[in-house]
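Working notes for the structure below.
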Amino acid sequence: MGADLMSNPADAVRTREGKDRKPVHLAAHFPGVNNTTVWSDPASGSQIDFDSFVHLARTAERGLFDFFFLAEGLRLREHRERIYDLDVVGRPDTFTVLAALGAVTERLGLVGTINTTFNEPFNVARQFASLDHLSDGRAGWNMVTSSDAFTGENFRRGGFLDHADRYRRAEEFITVARKFWDSWDAAGEPRPVNHRGPQFTVRGVATAPASPQRHPVLLQAGDSADGRDFGAKHADALFTIHSSIPAGQKYYADVKARAVAHGRNPDQLKVFPGVTYVLGDTEQEAIEKAAYIRDQQVGPQTAIAYLEQVWGRDLSEYDPEGPLPDVDPTGDASITRARPATVIPGRSQPSTGRSPRPRSCRSAS
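For the sequence shown, UniProt numbering assigns the number 1 to the initial residue and increments by one for each residue that follows.
Shown next, in the form of structure tokens:
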């Protein structure tokens with residue numbers, strides 16, 4: 001995976017016309033966290049049945065995709081102590097699924113989201129080294145932090161870390177993980193890791209020898225200034241999603257400049273924009289499917305709960321089928337910054353709930 005996914009852009013494909021064409025890299029995201037799939041629909045697969053994972057992974061491999069991406073959610077979505085979104089129900093452990101998929105695929109990269117806020121460097125380094133061995137060099141890690149206090153309650157430390165502390169921990173986390181991956185020399189002899197820092201004090205020996213890639217491919221998706229800087233410094237590739245092409249281009253230029261500031265060749269940093277496709281035998285069928293999915297995804301109470309987080313206000317008196325609130329948000333509205341947009345010509349004002357059937361629909365992310 002490492003050599004294929006991170007190939008030098010200079011290694012372009014030459015066409016019959018003699019022109020160089022850069023290869024396009026593709027990733028398949030298994031739906032389950034922050035996704036557009038309606039799991040209640042009879043036509044949908046299962047989030048727990050292994051056949052669903054196998055079907056998508058093998059389809060992606062047959063379609064020459066570079067890697068399969070499995071996001072992870074460590075909590076159900078809550079608002080005011082109520083669960084309002086079950087998009088991680090039935091999701092098995094990421095490493096278990098990826099290791100199993102390694103046995104039923106041959107060349108497809110296997111990328112999983114693992115949280116740096118609630119894990120330890122030794123465990124994560126060991127797990128990815130093991131996955132890389134089992135898959136013959138196809139492991140990738142999407143590095144994330146977590147801001148949710150209720151997520152922390154699933155772990156003994158509880159609570160949450162503020163934004164700056166999360167990224168300080170993530171920075172030292174990847175430093176320690178790299179030390180474990182590099183601790184076996186070419187002769188197969190392990191060297192002790194002795195690290196002392198503000199976040200971690202570690203003294204031990206990696207139990208897994210150097211893997212085929214030595215380091216897994218590293219990916220990241222943070223969109224804050226700290227997140228972008230962390231990704232530009234450490235990641236091989238970035239996931240992103242924006243509501244317009246200019247916004248995506250601005251992001252691209254920003255992270256490439258940050259990579260240069262960290263002494264990296266910007267061509268070594270790939271950017272994967274997220275796109276959702278709705279397929280149909282005809283354009284009209286695809287449009288109707290897209291409308292159906294939107295209608296089924298967001299119920300009235302879910303829409304209000306989500307908007308209350310964005311607005312920082314009690315919106316329980318607002319009509320979910322009506323226009324958006326006519327008052328300004330009081331909280332941090334950055335949650336909306338990187339959301340995908342569905343472009344619906346002729347629609348001037350979005351509502352909180354179900355949308356009218358559009359004349360045409362395309363993804364702008």
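Ideal Cβ positions, reconstructed from N, Cα and C, are used throughout, including at glycine.
The Cβ atoms of R75 and T145 do not sit closer than 8 Å to each other. Here the stretch 241 to 254 makes no contact with the stretch 201 to 209; the two share fewer than three CB pairs at distances below 8 Å.
Note that the C-beta distance between Q47 and N142 is not below 8 Å. The residue among Y167, R214, R313 with its C-alpha nearest the C-alpha of S224 is Y167. The shortest C-alpha to C-alpha distance from D319 to any of P300, Q309, W311, L70 is the one to P300.
In the three-state reduction of the DSSP assignment, A177 falls in the helix class, which pools H, G and I. Runs of the beta strand (DSSP E) lying entirely within the stretch 197 to 265 and spanning at least 3 residues, in chain order: 201 to 204, 217 to 220, 237 to 240. Only residues of its own chain outside the window of five on either side were considered, and among them G222, D254, V255, R258 have a CB closer than 7 Å to the CB of R228, listed in chain order. With distances taken between CA atoms, V97 lies nearest to A71 out of A71, G197, F118, G322.
Inter-segment contact for the stretch 170 to 187 and the stretch 259 to 276 is absent: fewer than three beta-carbon pairs are separated by less than 8 Å. Within the stretch 88 to 116, the complete alpha helix (DSSP H) runs of at least 4 residues fall at 94 to 102. Taking C-beta separations shorter than 7 Å and ignoring five residues to either side along the sequence, the partners of A125 in its chain run A177, F180, W181, A206, following chain order.
R294: member of the alpha helix (DSSP H) spanning 283 to 297, first to last residue. For the pair D93 and D66, the Cα-to-Cα distance works out to about 22 Å. Around the beta carbon of P42, fewer than 16 other beta carbons sit within 10 angstroms, so the residue counts as exposed. Residue environment: Y277 is assigned as exposed (fewer than 16 neighbouring CB atoms within 10 Å of its CB, all protein chains considered).
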